[in-house]
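**Student:**
There are 2 protein chains.
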Amino acid sequence: MTELIGLLAGCCTTVSLVPQLRRIWRAKSAHDLSLAMFLVFGLGVMLWLLYGIGIGSIAVITTNSVSLVLVIAIYSLAVHYEHHGSTNHGSAGR
Amino acid sequence: MTELIGLLAGCCTTVSLVPQLRRIWRAKSAHDLSLAMFLVFGLGVMLWLLYGIGIGSIAVITTNSVSLVLVIAIYSLAVHYEHHGSTNHGSAGR
Chain A
13 MTELIGLLAG CCTTVSLVPQ LRRIWRAKSA HDLSLAMFLV FGLGVMLWLL YGIGIGSIAV
73 ITTNSVSLVL VIAIYSLAVH YEHHGSTNHG SAGR
Chain B
13 MTELIGLLAG CCTTVSLVPQ LRRIWRAKSA HDLSLAMFLV FGLGVMLWLL YGIGIGSIAV
73 ITTNSVSLVL VIAIYSLAVH YEHHGSTNHG SAGR
């Protein structure tokens with residue numbers, strides 16, 4: 013039961029990354045996204061994954077594995093559009 | 013040691029909410045934020061909190077307690093600016 017709550021929790025927090033990915037994909041721009049913030053978030057997801065392995069929590073492991081894939085996808089697109097986008101807002105600190 | 017990794021993970025994923033709060037506060041607008049996504053995220057944080065209590069994880073409990081406060085602050089500001097903001101982009105589905 014507890015593990016089910018964890019998996020449901022993981023679905024909610026992971027799914028909420030999808031609109032971010034879709035928005036960057038559609039806008040072909042990532043100037044709304046804070047890249048510095050996203051790096052910290054990505055580091056956090058990696059550490060949660062380690063923690064999940066450490067405590068043997070299926071919910072924490074599966075959730076953060078999926079999150080990590082999404083974070084890498086968002087980050088890659090964001091960096092791509094910052095460098096090749098049609099608009100040039102500058103990338104420092106965003 | 014494992015709990016330390018969890019707390020560090022929690023710091024990263026929680027701290028990454030702060031720029032979002034600051035951005036809405038400064039811009040006095042939340043039209044960059046998907047409110048629907050944020051509701052799902054907030055529900056996820058609440059469920060993580062329940063899960064943390066269930067498995068007795070200090071890292072999961074403390075992290076998601078702080079996150080919940082930040083999520084409520086961001087959501088309250090976002091709703092406030094959607095209704096009282098100087099710009100009117102419409103709030104449906106965002």
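Just so you know, the protein sequences line up as chains A and B, in that order.
Sequential numbering of the first sequence, starting at 13, is according to this note's numbering.
Sequential numbering of the second sequence, starting at 13, is according to this note's numbering.
Every residue gets a Cβ at the ideal spot worked out from N, C-alpha and C, and that includes glycine.
(1) Name the chain A residues that come within less than 8 Å of Ile67/B, Cβ to Cβ?
(2) Would Ser88/A be called buried (16 or more neighbouring beta carbons within 10 Å of its own) or exposed?
(3) Just checking Ile67/A against the ligand ZN - is the residue's beta carbon closer than 6 Å to any of the ligand's heavy atoms?
(4) Do the region 14-27 of chain B and the region 58-66 of chain A make contact, defined as three or more Cβ pairs closer than 8 Å?
(5) With a threshold of 7 Å between beta-carbons, can Ala90/B be considered close to chain A, or not?
(6) Considering only C-alpha positions, which residue in the set Met49/A, Ala85/A, Ile67/A, Pro31/A is nearest to Phe50/B?
(7) In whole angstroms, what separates the C-alpha of Ile73/A from that of Gly64/A?
(8) In the structure shown, what three-state DSSP assignment does Gly105/A receive?
**Tutor:** Let's see:
(1) Thr14, Gly18, Ile67, Ser69
(2) Label assigned to Ser88/A: exposed.
(3) Looking for the ligand ZN in the displayed structure turns up nothing, as the structure carries no ligands at all.
(4) yes
(5) No, Ala90/B lies away from the interface with chain A (no Cβ there is under 7 Å from its Cβ).
(6) Pro31/A
(7) Taking the straight line from one Cα to the other gives about 5 Å.
(8) Unreliable positioning characterises Gly105/A in this predicted model, as indicated by a pLDDT of 47, which lies under 50. The coordinate reading is nonetheless provided below. The answer is coil: DSSP assigns Gly105/A none of H, G, I, E or B.
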